[in-house]
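Data block below; observations after.
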Amino acid sequence: MVRISIRAVYVACAAMLGTMATSARAQPAGASDGPRVDADRVEARILSLSEFGRNPEGGVSRVAFSEADIEGRAYVMSLMREAGLEVRVDPAGNIIGRREGTDASLPPILFGSHIDSVPFGGNYDGDVGVIAAIECAQVLHEHGIQTRHPMEVVVFSDEESGLTGSRALVGELGEGALSERTHSGLTRREGIRAIGGDPDRLAEVKRAPGQIAAFMELHIEQGGSLDKAGVDIGVVEGIVGIEWWDVTIEGTANHAGTTPMGSRNDALLAAARYVQAVNEEVTSEPGRQVGTVGQISADPGAHNVIPGRVHTSLEIRDLSREVIWSLFERIEARAAAIAEETGTTFTFTLLDVSSIPATMNEVVRSVISDAADALGLSWLSMPSGAGHDAQDMARIAPTGMLFVPSRDGISHSPREFTTKDDMANGAEVLLRSLLAIDAGALE
Ligand code: GLV
Ligand code: MN
Ligand code: MN
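Next up, the structure:
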C-alpha cells in the first residue's frame with residue numbers, strides 16, 4: 003500500500019512562502035524502511051473524536067472544560083492506554099501518556115497538541131496532532147521499539163483560549179488567567195478542576211529547561227500556503243505572538259426618537275469607527291501583522307435606544323512583540339480621537355493570555371526536513387500565523403513544529419479539512435523525527 007503522496011511542487015508562490023524545497027522526488031530506497039503509521043486508523047480516530055461536541059454544521063463546538071471536552075478527553079485517554087501509555091492528568095489538566103525509555107538518566111521527549119476547539123470549530127485543529135502523536139506511540143508499542151528517552155504524549159488543556167496547559171508547564175499560569183471566564187461559562191480555575199486538575203498545585207506542573215529533551219507538535223497549517231503550492235509538509239520557522247484586549251466603550255443611552263443626531267454619545271457609532279481604524283492601522287505598513295476585532299455587543303440592545311455601552315475586543319499578532327505593541331499604541335491613539343469626536347470613552351484591558359513569539363529550534367527543523375526528504379515528501383519552511391502550545395514549549399525545550407495542508411486554507415470553521423494521506427504523511431514525519439531525536443540528533 004502506498005500512502006505517501008508526492009505532489010508536484012508549485013513554485014509560483016515561493017516568494018510569499020519563504021524557503022522552499024522545490025523537488026518532487028521519487029520515493030528513495032530508504033523510504034519504506036522502518037515502522038509505518040496506519041493511515042486508516044488515524045483517519046478513523048479523527049472521525050470518532052469529531053463525534054464529541056459535534057455541531058450541526060459538521061464540525062465541533064468542543065470548547066475547553068465543556069462536557070464535550072471532558073468526553074473527548076476520556077476517549078483520547080482510552081486510545082493512549084491502547085497505545086501502551088501510562089496515563090495521568092497533571093494539575094493543569096494536561097493529559098500525559100508516558101512510555102519509559104531504556105536510559106533512566108535521560109529526560110523525556112514530549113509530543114502532542116490539543117483537542118479543545120473554538121466555538122463552531124472544525125475536526126482537525128489540534129486533533130490531528132494528538133491522534134498522530136498517539137499513533138506514533140502505538141507504532142512504537144506494536145513494534146516493540148525501545149527508545150532511549152522516555153516518550154510523553156501530551157494533550158494540552160485549553161489551548162484555544164490562552165494556551166493554558168503549556169503556560170502551566172512553563173510556570174506562567176497566574177491568578178489573572180485562572181480567574182478569567184472561558185467559553186464554557188467556567189473560570190479557568192473552575193475549568194481545570196472540571197477536567198481533573200488542581201489549580202492549587204500548579205507549581206508541580208512546571209518543568210525547567212533541561213527537564214525535557216525536545217518538544218514536537220504536528221498541526222494542520224490553518225492557512226492555504228501548502229494546499230496552494232501542493233506541498234506535503236510545512237517546517238515551521240517561528241510562531242507569532244498574540245495579545246488580546248477587552249475593549250469597553252461608554253457613551254450615553256438615550257431615546258432614539260427624541261435625541262437629535264448632533265446630540266448623541268453613541269457607543270456603537272464609536273465602535274464602528276474603531277473597527278475601521280484597527281483595520282487601517284494594521285494595514286498601513288507592509289508586513290505579516292494582523293489585527294482583528296472579533297467580538298461586539300451593544301447595551302441595552304433595543305431598536306429605539308441609542309447604545310450607551312459597547313463591549314468589544316482587540317487581537318494583534320506578529321512575529322515581533324515590538325510590532326504588536328507599537329500597533330497597539332497607534333490604535334489606542336485612534337480610539338482616543340474617536341472618543342473625542344463621539345463624546346464617548348474607550349477602556350482597553352489587556353487579558354492575561356499573552357502568547358510570546360517563538361523561533362523553532364534549528365536542529366529540530368533540520369530533523370523534520372530530513373525526515374520529509376527520506377520519505378520522499380515535499381516540504382517548505384514557513385512561519386505560523388496561528389498560536390500554538392509549541393511557542394510556550396520553545397522557552398524550555400528544543401522545539402519543532404510541522405504542518406500538513408488545510409484544504410483551501412480554511413480553519414476555525416466546520417469546513418476545516420485535511421486528507422487522510424496528508425495526516426498520515428505528517429504522522430510519518432513526526433515518527434521519524436522523534437526517532438532521530440531519540441538517536442541523538444540534538445546531542
Ligand atoms: C489558536 O488556534 C489561534 O487562535 O491561533
Ligand atoms: Mn490548534
Ligand atoms: Mn485553533
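Numbers 3 to 445, taken from this note's numbering, label the letters of the sequence shown in order.
Note that CB positions come from ideal geometry on N, CA and C, so glycine has one too.
Nearest neighbour of residue i, chosen from the options [CA to CA]
{"i": "N427", "options": "L444, L404 and I439", "result": "L404"}
{"i": "W327", "options": "N363, W247 and G402", "result": "W247"}
{"i": "A269", "options": "V280, T254, V277 and A258", "result": "T254"}
{"i": "V44", "options": "C138, V284, G123 and S159", "result": "C138"}
{"i": "G146", "options": "L353, P37, S356 and A304", "result": "P37"}
{"i": "L204", "options": "N96, D118 and S107", "result": "N96"}
{"i": "A438", "options": "V365, V406 and F419", "result": "V365"}
{"i": "P302", "options": "H313, S386 and S415", "result": "H313"}
{"i": "A196", "options": "D92, V207 and I298", "result": "D92"}
{"i": "D42", "options": "A441, L436 and K422", "result": "K422"}
{"i": "V157", "options": "A273, A134, L188 and R150", "result": "A134"}
{"i": "R150", "options": "I111, L165 and A272", "result": "I111"}
{"i": "S227", "options": "D35, V207, P385 and D440", "result": "P385"}
{"i": "D1", "options": "I358, D375, T260 and R75", "result": "What the structure shows of the chain is the stretch from 3 to 445, and residue 1 is not part of that stretch, so it cannot be assessed."}
{"i": "A373", "options": "V406, L436, D410 and N363", "result": "L436"}
{"i": "N69", "options": "F54, G345 and F217", "result": "Note that residue 69 is Glu in the sequence shown, not Asn. That would be F54, whose Cα lies nearest to the Cα of E69."}
{"i": "G411", "options": "Y126, G293 and D71", "result": "Y126"}
{"i": "N267", "options": "L108, E154, P109 and T344", "result": "T344"}
{"i": "E84", "options": "V155, L188, G198 and G199", "result": "V155"}
{"i": "R183", "options": "R319, A339 and V355", "result": "V355"}
{"i": "E59", "options": "G296, F122 and G310", "result": "F122"}
{"i": "I194", "options": "A94, D234 and V280", "result": "A94"}
{"i": "P288", "options": "T261, D320, E252 and R101", "result": "D320"}
{"i": "Q393", "options": "A335, L352, E174 and S380", "result": "E174"}
{"i": "V431", "options": "S408, G387, H414 and W381", "result": "W381"}
8 Å contact criterion, which residue i and residue j should meet: CB distance rounded
{"i": "I370", "j": "V242", "result": "19 Å between Cβ atoms; not a contact."}
{"i": "R191", "j": "P201", "result": "5 Å"}
{"i": "A399", "j": "I214", "result": "4 Å"}
{"i": "A66", "j": "S186", "result": "6 Å"}
{"i": "G124", "j": "R417", "result": "7 Å"}
{"i": "G128", "j": "H116", "result": "4 Å"}
{"i": "S119", "j": "E162", "result": "6 Å"}
{"i": "F217", "j": "T401", "result": "5 Å"}
{"i": "G199", "j": "S159", "result": "7 Å"}
Buried or exposed by the 16-neighbour rule on C-beta atoms within 10 Å, applied to residue i
{"i": "D424", "result": "buried"}
{"i": "M395", "result": "buried"}
{"i": "L433", "result": "buried"}
{"i": "P152", "result": "buried"}
{"i": "Q148", "result": "exposed"}
{"i": "Q278", "result": "exposed"}
{"i": "R2", "result": "Residue 2 cannot be examined here, being either before or after the span of the chain that is shown, 3 to 445."}
{"i": "M263", "result": "exposed"}
{"i": "G61", "result": "buried"}
{"i": "E177", "result": "exposed"}
{"i": "Q224", "result": "buried"}
{"i": "G259", "result": "exposed"}
{"i": "D35", "result": "exposed"}
Collapsed DSSP secondary structure at residue i in the structure displayed
{"i": "M403", "result": "strand"}
{"i": "V130", "result": "helix"}
{"i": "G411", "result": "helix"}
{"i": "V277", "result": "helix"}
{"i": "E331", "result": "helix"}
{"i": "D301", "result": "strand"}
{"i": "L51", "result": "helix"}
{"i": "E368", "result": "In the sequence under discussion, the amino acid at residue 368 is Ser, which differs from the Glu named in the question. Reduced to three states, the DSSP call for S368 is helix."}
{"i": "L270", "result": "helix"}
{"i": "G243", "result": "strand"}
{"i": "T250", "result": "strand"}
{"i": "Q291", "result": "coil"}
{"i": "A360", "result": "strand"}
{"i": "A374", "result": "helix"}
{"i": "V44", "result": "helix"}
{"i": "T24", "result": "Annotation note: pLDDT 34 at T24 (below 50); position unreliable, coordinate value reported separately. Coil, per DSSP."}
{"i": "A210", "result": "coil"}
{"i": "S227", "result": "helix"}
{"i": "G264", "result": "helix"}
{"i": "I235", "result": "strand"}
{"i": "R323", "result": "helix"}
{"i": "T314", "result": "strand"}
{"i": "L220", "result": "strand"}
{"i": "T346", "result": "coil"}
{"i": "I340", "result": "helix"}
{"i": "I72", "result": "helix"}
{"i": "T285", "result": "coil"}
{"i": "L204", "result": "helix"}
C-beta neighbour in chain D for residue i, strict 8 Å
{"i": "T149", "result": "Annotation note: the requested chain D is absent from the structure, which comprises a single protein chain."}
In the region 418-444, which residue ranges form an unbroken alpha helix (DSSP H) of at least 4 residues, counting only runs that do not cross its ends? 422-440
Which runs of the alpha helix (DSSP H) at least 4 residues long sit entirely within the region 119-202? Give them in chain order. 129-144, 166-171, 177-181 and 190-196
Residue ranges of each beta strand (DSSP E) run of no fewer than 3 residues wholly in the region 76-117, ordered along the chain? 88-91, 97-101 and 111-116
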